[in-house]
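Residue numbers (the working numbering): 207 to 397. Just so you know, even glycine gets a beta-carbon here, dropped at the ideal spot from N, CA and C. Take a look at the structure set out below.
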């Protein structure tokens, strides 16, 4: 039996559709400028595909809490966790490197590892408040918006290393790519 079910709010759904339509219109206009009528048709097809994916995402997205589990449904992935394993909740507004701040709920296990991460992009703050209250678990979190790195220092293992250290990850990838290019260059030069 479902104790609590949260779906994306109508206001958030409207905003997502409008933003997707605007991005799609930019694709259509860019395609028209670049290639005329074929570009317009390709731009409209891309726009329709984007709107269809967004519709599917918002239609399937929901958070369900039962007496035995916590379930987060997405477009493709459904994450299920036993409610008995949940020990505490961390609620934080996370500031990504790019993009808007996201109200996020982390459900932690008894060993303080992350059991479940719930992004609040599609949900109102009041809905997330209801979720945290309904779980009846000890709740903590920073009193101000924080970056993933700051959250990782305060609550280790909540965010992945890549998210907590985006610049280190970027430099590691760039270094790996440059190393690969140099090695390929040496191999090609020696042939």
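Could you tell me whether any Cβ in chain B is nearer than 8 angstroms to the Cβ of residue 372?
Among the chains in the structure shown there is no chain B, since it carries only a single protein chain.
Between 280, 276, 297 and 246, which lies nearest to residue 287 when the distance is taken from Cα to Cα?
Locating residue 287 in the chain shown gives position 81, counting from the first residue. In terms of CA proximity to residue 287, 276 leads the group 280, 276, 297 and 246.
Which partner residues does residue 208 have in the DSSP bridge list?
Start at 1 with the first residue of the chain shown, and residue 208 comes out as number 2. Bridge partners of residue 208: 272.
Nearest neighbour of residue 341, chosen from 313, 330, 354 and 267 [CA to CA]:
Within the chain shown, residue 341 is the residue found at index 135, counting from 1. For residue 341, the nearest C-alpha among the options comes from 313.
Where residue 246 sits in the DSSP three-state scheme:
If you number the chain shown from 1, residue 246 lands on position 40. In the structure shown, residue 246 sits in a helix (DSSP, three-state: H, G or I).
Sequence-distant residues of the same chain with beta carbon closer than 8 angstroms to residue 262, five excluded per side
Counting from one through the chain shown, the residue named residue 262 turns up at place 56. Around residue 262: 281.
Name the DSSP bridge partner or partners of residue 312?
Residue mapping note: residue 312 aligns to position 106 of the chain shown, counting from 1. Answer is 296 and 323, bridged to residue 312.
Which residues mark the beginning and the end of the alpha helix (DSSP H) in which residue 369 is found?
If you number the chain shown from 1, residue 369 lands on position 163. Run containing residue 369: 367-370, per the alpha helix (DSSP H) assignment.
Roughly how many angstroms separate the alpha carbons of residue 237 and residue 225, rounded to a whole number?
As a first step, residue 237 is located in the chain shown; it is residue number 31 there, counting from the start. As a first step, residue 225 is located in the chain shown; it is residue number 19 there, counting from the start. Residue 237 and residue 225 have their C-alpha atoms spaced approximately 18 angstroms apart.
Taking all protein chains shown into account, decide if residue 233 is buried (16 or more other Cβ within 10 angstroms of its Cβ) or exposed.
One-based indexing of the chain shown puts residue 233 at position 27. Counting C-beta atoms within 10 angstroms of its own C-beta, residue 233 has 16 or more neighbours from the protein chains shown and is therefore classed as buried.
Determine whether the beta carbon atoms of residue 250 and residue 222 lie at a separation below 8 angstroms.
In the chain shown, residue 250 corresponds to position 44, counting from 1. In the chain shown, residue 222 corresponds to position 16, counting from 1. Taking the C-beta atoms as reference points, residue 222 is found no nearer than 8 angstroms to residue 250.
Proximity below 8 angstroms, CB of residue 212 to CB of residue 268
As a first step, residue 212 must be located in the chain shown, where it is residue number 6. As a first step, residue 268 must be located in the chain shown, where it is residue number 62. Yes, the pair counts as a contact, with Cβ atoms nearer than the cut-off.
Straight-line Cα distance separating residue 231 from residue 159
Absent from the model: residue 159. The displayed extent of the chain is 207 to 397, so no value can be given.
Residue 288 - containing beta strand (DSSP E), residue span:
On the chain shown, residue 288 is found 82 positions in, with the first residue counted as 1. Here the beta strand (DSSP E) through residue 288 covers 284-288.
What does DSSP give as the partner residue(s) for residue 346 in the beta ladder?
Here residue 346 refers to the residue found at position 140 of the chain shown. Paired residues: 296.
Using the Cα positions of residue 216 and residue 328, report the straight-line distance between them to the nearest angstrom.
Reading the chain shown from its first residue, position 10 is the one you call residue 216. Reading the chain shown from its first residue, position 122 is the one you call residue 328. Answer to the nearest angstrom: the Cα atoms are 9 angstroms apart.
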